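Q: Below is a structure I'd like to ask you about.
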Amino acid sequence: MLYAGPGAMLSHATALWWRGLLDHQPWPIGVSTPRRCRSLRAVKVHGRRTCARIWHKRLPTTSVEQAPAGRAGSTKLRNALARHEPKLANTRSPLERLFLPLCETYRVPLPDDVNVPVAGILVDAVWWQERLVVELDGKGNHSSWAQIQHDRSNELTLRAAGLDVLRYGTVQLEDEAALVARDVITRLSSTAQSA
């Protein structure tokens, strides 16, 4: 970018790599600039008159949408971006990463927040208006009696704060997804009807 001068930014596949969307660093490095500048062996310069600069990890880049524009597969990427659910970035376990797509597949309204403190307890998913919390228990969650008791105390605290708690494990999310979805939808709709 120093070579390409003021206004230069990482672009094309290099911008995607810098944002962590590609595994391997592209060669040559792609930059875009509003200036006239020739490409070098290691730097492919793209001239762009107008292009928004977005800072990521202390370097300016093009937007993700601009980076793949006109490239093979860019339609698929644009469609994926349209379907992208930012809440997935807040998940902390494989089980949580199963739950949000389950909600989308079975048309369960997505939770308002994931991995947020509620009544002083970090919960996996919450619907604020419906006062519903979903907790997801993977294999390592209950390897001791003390952990089981800790979860029960947390559940009691959440209920005392006026929230309902639904709890699902790996088997339910992987093998009984439709039942989980129906259970959550039933609970969400019962709150809506009583309001």
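When the letters of the sequence shown are read in order and numbered with our numbering, they come out as residues 1061 to 1255.
Heads up, the beta-carbon is just placed ideally off N, CA and C, and yes, glycines get one too.
It should be emphasised that the depicted structure is a prediction, and the values quoted were computed from it without experimental measurement.
State the Cα-Cα distance for the pair N1175 and E1156, rounded to the nearest angstrom.
A: In a straight line, the C-alpha of N1175 is about 9 Å away from that of E1156.
Q: In angstroms with no decimal places, state the Cα-to-Cα distance between R1224 and W1077.
A: Correcting the residue type first, residue 1224 is Asp in the shown sequence and not Arg. Each residue's alpha carbon lies about 43 Å from the other.
Q: Given a threshold of 16 other Cβ atoms within 10 Å of its Cβ, counted over all protein chains shown, does A1238 qualify as buried or as exposed?
A: By the neighbour-count rule (16 or more Cβ atoms within 10 Å), A1238 is not buried but exposed.
Q: Would you kindly check if the distance between the Cβ of I1181 and the Cβ of T1217 is under 9 Å?
A: yes
Q: Please state whether DSSP places E1215 in a helix, a strand or coil.
A: The answer is helix: DSSP assigns E1215 an H, G or I state.
Q: What is the residue span of the beta strand (DSSP E) that L1073 lies within?
A: Residue identity check: residue 1073 is Ala in the sequence provided, not Leu. Taken as a continuous stretch (DSSP letters only), A1073 belongs to no beta strand (DSSP E), being part of the alpha helix (DSSP H) at 1072-1078.
Q: Between the alpha carbons of A1149 and W1205, how many angstroms are there, rounded?
A: Its pLDDT being 49, under 50, A1149 is placed unreliably by the model, and nothing is read from it.
Q: Buried or exposed for A1221, going by 16 or more other Cβ atoms inside 10 Å?
A: exposed
Q: Going by alpha carbons, who is nearest to E1125 out of V1244, C1097, L1081?
A: L1081
Q: Please work out which residues of its chain come closer than 6 Å, Cβ to Cβ, to V1183, disregarding the five sequence neighbours upstream and downstream, and give them in chain order.
A: Cβ neighbours of V1183 beyond the five flanking positions: V1193.
Q: Under 9 Å between the Cβ atoms of L1158 and E1234?
A: For L1158 and E1234, yes; Cβs fall inside 9 Å.
Q: Do W1187 and P1169 come within 9 Å of each other at the CB atom, strictly closer than that value?
A: yes
Q: Round the Cβ separation of R1108 and A1064 to the nearest angstrom and send it over; I've been treating them as touching at under 8 Å.
A: The Cβ separation is near 11 Å, so there is no contact.
Q: Identify, in the order they occur along the chain, each residue of the same chain with its Cβ nearer than 6 Å to the Cβ of M1061, setting aside the five sequence neighbours on each side.
A: Once the five neighbours on either side are set aside, the close Cβ partners of M1061 are A1068, V1091.
Q: Under a Cβ-count criterion, where at least 16 other Cβ atoms within 10 Å of its own Cβ denotes burial, should L1070 be classed as buried or exposed?
A: buried
Q: Using the rule of at least 16 other Cβ atoms within 10 Å of the residue's Cβ for burial, across every protein chain shown, is E1190 buried or exposed?
A: buried
Q: Could you tell me the boundaries of the beta strand (DSSP E) in which D1173 lies?
A: 1173-1178
Q: What's the gap between the Cα of R1167 and the Cα of R1242?
A: For R1167 and R1242, the distance between alpha carbons rounds to 10 Å.
Q: Using only alpha-carbon positions, find the residue among I1208, R1079, H1072 that is nearest to C1111.
A: H1072
Q: For the beta strand (DSSP E) that P1120 lies in, which residues bound it at each end?
A: 1119-1121
Q: Drop a sphere of 10 angstroms on the beta-carbon of P1066, count the other beta-carbons inside from all chains shown, and report buried for 16 or more, exposed for fewer.
A: exposed
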